[in-house]
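Chemist: Take a look at the following structure, please.
Protein chains: 2
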Amino acid sequence: MDVLEKILENNNIKPTAMRLLVLQFLLNRKVATSLTDVENYFAKSDRTTLFRTLKTFVEKGISHKIDDGTGITKYALCEDNCHCEIDTDLHLHFHCTKCNETVCITEYKIPPIHLPKDYTAENVNLVVKGICDKCNSK
Amino acid sequence: MDVLEKILENNNIKPTAMRLLVLQFLLNRKVATSLTDVENYFAKSDRTTLFRTLKTFVEKGISHKIDDGTGITKYALCEDNCHCEIDTDLHLHFHCTKCNETVCITEYKIPPIHLPKDYTAENVNLVVKGICDKCNSK
DNA sequence: GTAAATAATGCACTTCCGTTGCATAGGGCA
DNA sequence: TGCCCTATGCAACGGAAGTGCATTATTTAC
């Protein structure tokens, strides 16, 4: 059986043609992807379908939403060693203001956050903006 | 001269009636404020004017934009001991998922962020979601 | 003081993105 | 084959940010 199909079925997602294509697209991209990105790539398909496909991926846990401060929701598949889908994990995302791409940086961990008394943390979103490695080496 | 006027004039903002009112409103609120919040409070005024007032405040440096992950842009005046308007400062914002309010937490600093090679950080946005002190003590 | 210039305000409208409702198509199963 | 459930596609909605332009207010020049 196809690797892509396996990924979907392992997460209780019926492997339709569209979903396999979107999954492959996300796998090939190393950066966080917006609905519009997917939409532009699959010009033939409907936005709603793609929207719901991404939503399904998030709900089933093979992808996670990223809020990188641009106001546009991004999606990224978690790598094997990335546990971004777990609420208690600390997400570190880097948004390059030059190429406008957002990447999930998994190799550097976020130090624990200290909060004032009586505050309870459920989720942490850390977005660093700046220039990415590719743009810096140009 | 009025304190409010002084604040505006010190930052090269012409102190119009509307701006003074918005400034006062922001001063009284201890939490981050969205355009809609201001709009609802000043029902008589036009949204565009309020939008541009907030924009002016940000441009002139007496307020800063907050992206708390709700998708709605918030604004907050910096307190005297808060340097949120400077790019190099590390912003820590707390969004309560119960009362839906976002506050600027200035008393706890963010540890320095380590990035992979060739990444340059210009700005850091850290949003912690959870339950705030008020909601926790209810 | 009047006129011209500049800035602020208000209204209308646009755009963008996320989202939902509903009808249709497709695939699995009795 | 026929039924059912899910996925898909089309249309439309809604919220929020933002823009263009005419009007009003305020400052500046004469």
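Note that the protein sequences, when read in sequence, are chains A and B. Numbering-wise (my numbering), the first sequence opens with residue 1 and increments by one. Numbering-wise (my numbering), the second sequence opens with residue 1001 and increments by one. Backbone N, C-alpha and C define an ideal beta-carbon position, used for all residues, glycine too.
Given that a residue counts as buried once 16 or more other Cβ atoms are within 10 Å of its Cβ, and exposed if not, what is Gly-1061 (chain B)?
Modeler: Indexing the second sequence from 1 puts residue 1061 (chain B) at position 61. Exposed.
Chemist: Return the chain-ordered list of same chain residues with a C-beta closer than 6 Å to the C-beta of Leu-54 (chain A), the five sequence neighbours on each side being excluded.
Modeler: Here residue 54 (chain A) corresponds to residue number 54 of the first sequence, with the count starting at 1. Tyr-75, listed in sequence order.
Chemist: Apart from the five residues just before and just after Lys-65 (chain A), which ones in its own chain have a Cβ nearer than 7 Å to its Cβ?
Modeler: Residue mapping note: residue 65 (chain A) aligns to position 65 of the first sequence, counting from 1. Cβ neighbours of Lys-65 (chain A) beyond the five flanking positions: Val-58, Thr-73 and Tyr-75.
Chemist: Does the Cβ of Tyr-1108 (chain B) have 16 or more other Cβ atoms within 10 Å, making it buried, or fewer, making it exposed?
Modeler: Taking the first residue of the second sequence as 1, we reach residue 1108 (chain B) at position 108. It counts as exposed.
Chemist: Cutting at 6 Å between CB atoms, please list the residues of its own chain near Val-128 (chain A), excluding the five before and the five after it.
Modeler: Here residue 128 (chain A) is taken as the residue at index 128 of the first sequence, counted from 1. For Val-128 (chain A), where only same-chain residues beyond five positions count, the Cβ hits under 6 Å are Phe-94.
Chemist: Does the distance from the CB of Ile-113 (chain A) to the CB of Leu-92 (chain A) come in under 7 Å?
Modeler: Numbered from 1 along the first sequence, position 113 holds the residue referred to as residue 113 (chain A). Numbered from 1 along the first sequence, position 92 holds the residue referred to as residue 92 (chain A). No. Outside cutoff.
Chemist: Cβ closer than 7 Å: which chain B residues qualify as neighbours of Val-127 (chain A)?
Modeler: Along the first sequence, one-based indexing puts residue 127 (chain A) at 127. Near Val-127 (chain A) (Cβ distances below 7 Å), the residues of chain B are Asn-1125.
Chemist: With which residues is Leu-126 (chain A) paired in a DSSP beta bridge?
Modeler: Indexing the first sequence from 1 puts residue 126 (chain A) at position 126. Leu-126 (chain A) is bridged to A:Leu-92 and B:Leu-1126.
Chemist: Within the 7 Å Cβ cut-off, does His-114 (chain A) reach chain B?
Modeler: Here residue 114 (chain A) refers to the residue found at position 114 when the first sequence is read from its first residue. With 7 Å as the cut-off, His-114 (chain A) counts as an interface residue toward chain B.
Chemist: On a Cα-Cα basis, can you pick out the residue from A:Leu-23, A:Phe-42, A:Leu-77 and A:Lys-98 that is closest to Ile-105 (chain A)?
Modeler: Position 105 of the first sequence, counted from the start, is the residue given in the question as residue 105 (chain A). Checking every option, the nearest Cα to that of Ile-105 (chain A) belongs to A:Leu-77.
Chemist: What are the boundary residues of the beta strand (DSSP E) that includes Ile-1007 (chain B)?
Modeler: Position 7 of the second sequence holds residue 1007 (chain B). Looking at the DSSP string, Ile-1007 (chain B) is not in any beta strand (DSSP E); the run it does join, the alpha helix (DSSP H), is 1003-1010.
Chemist: Among residues of its own chain, excluding the 5 on either side of Glu-1085 (chain B), which ones have a beta-carbon nearer than 7 Å to its beta-carbon?
Modeler: As a working note, residue 1085 (chain B) is residue 85 in the second sequence. With a pLDDT of 41 at Glu-1085 (chain B), under the threshold of 50, the predicted position of this residue should be treated as unreliable, though the coordinate-derived value follows. Excluding sequence neighbours, Glu-1085 (chain B) sits near Gly-1061, His-1064 and Cys-1078.
Chemist: Nearest by alpha-carbon distance to Asn-1123 (chain B): which of A:Ser-34, A:Leu-23 and A:Gly-69 is it?
Modeler: Position 123 of the second sequence, counted from the start, is the residue given in the question as residue 1123 (chain B). Taking only the C-alpha atoms, the option nearest Asn-1123 (chain B) is A:Gly-69.
Chemist: Name the DSSP beta bridge partners of Ala-121 (chain A), please?
Modeler: Here the question's residue 121 (chain A) lines up with position 121 in the first sequence. DSSP output for Ala-121 (chain A) lists B:Gly-1130 as bridge partner(s).
Chemist: What distance in whole Å lies between the Cβ atoms of Leu-1026 (chain B) and Leu-1004 (chain B), which are believed to be in contact at a cut-off of 8 Å?
Modeler: Along the second sequence, one-based indexing puts residue 1004 (chain B) at 4. Along the second sequence, one-based indexing puts residue 1026 (chain B) at 26. Not a contact, Cβ separation roughly 10 Å.
Chemist: Is there a C-beta anywhere in chain B that falls below 7 Å from the one on Ile-131 (chain A)?
Modeler: Here the question's residue 131 (chain A) lines up with position 131 in the first sequence. At least one chain B Cβ lies under 7 Å of Ile-131 (chain A).
Chemist: Answer with buried or exposed for Ala-17 (chain A), where buried requires no fewer than 16 other C-beta atoms within 10 angstroms of its C-beta.
Modeler: The sequence position of residue 17 (chain A) within the first sequence is 17, counting from 1. Exposed.
Chemist: Comparing the C-beta of Thr-33 (chain A) with each C-beta of chain B, is any distance below 7 Å?
Modeler: What you label residue 33 (chain A) is simply residue 33 of the first sequence in a count that begins at 1. For Thr-33 (chain A), the answer is no, since every Cβ of chain B falls outside 7 Å of its Cβ.
Chemist: Tell me which residue opens and which closes the alpha helix (DSSP H) that Ala-1017 (chain B) is part of.
Modeler: Indexing the second sequence from 1 puts residue 1017 (chain B) at position 17. Run containing Ala-1017 (chain B): 1017-1028, per the alpha helix (DSSP H) assignment.
Chemist: Return helix, strand or coil for Cys-104 (chain A), following the three-state DSSP convention.
Modeler: On the first sequence, position 104 is the one that residue 104 (chain A) refers to. Of the three classes helix, strand and coil, the one that applies to Cys-104 (chain A) here is strand, per DSSP.
Chemist: At least one CB of chain B closer than 7 Å to the CB of Asp-37 (chain A): is that the case?
Modeler: On the first sequence, residue 37 (chain A) is found 37 positions in, with the first residue counted as 1. Not an interface residue.
Chemist: Bridge partners of His-64 (chain A), per DSSP?
Modeler: Stepping through the first sequence from its first residue, residue 64 (chain A) is reached at position 64. His-64 (chain A) is bridged to A:Ala-76.
Chemist: Which residues of chain A have a Cβ atom closer than 8 Å to the Cβ of Asn-1136 (chain B), listed in chain order?
Modeler: Taking the first residue of the second sequence as position 1, residue 1136 (chain B) is located at position 136. In chain order: Asp-118, Tyr-119 and Thr-120.
Chemist: Can you find a C-beta in chain B that's less than 7 Å from the C-beta of Pro-15 (chain A)?
Modeler: One-based indexing of the first sequence puts residue 15 (chain A) at position 15. It does not; no Cβ of chain B falls within 7 Å.
Chemist: Of all the CB atoms in chain B, is at least one closer than 7 Å to the CB of Asp-2 (chain A)?
Modeler: As a working note, residue 2 (chain A) is residue 2 in the first sequence. No, Asp-2 (chain A) does not count as interfacial toward chain B.
Chemist: Is the beta carbon of Ala-32 (chain A) sitting closer than 7 Å to the one on Thr-102 (chain A)?
Modeler: On the first sequence, position 32 is the one that residue 32 (chain A) refers to. On the first sequence, position 102 is the one that residue 102 (chain A) refers to. Yes, they are a contact pair.
Chemist: Determine which residues share a DSSP beta bridge with Thr-33 (chain A) and list them.
Modeler: As a first step, residue 33 (chain A) is located in the first sequence; it is residue number 33 there, counting from the start. Bridge partners of Thr-33 (chain A): A:Tyr-75.
Chemist: Reducing DSSP to helix, strand and coil, say where Phe-42 (chain A) ends up.
Modeler: As a working note, residue 42 (chain A) is residue 42 in the first sequence. Correct three-state label for Phe-42 (chain A): coil.
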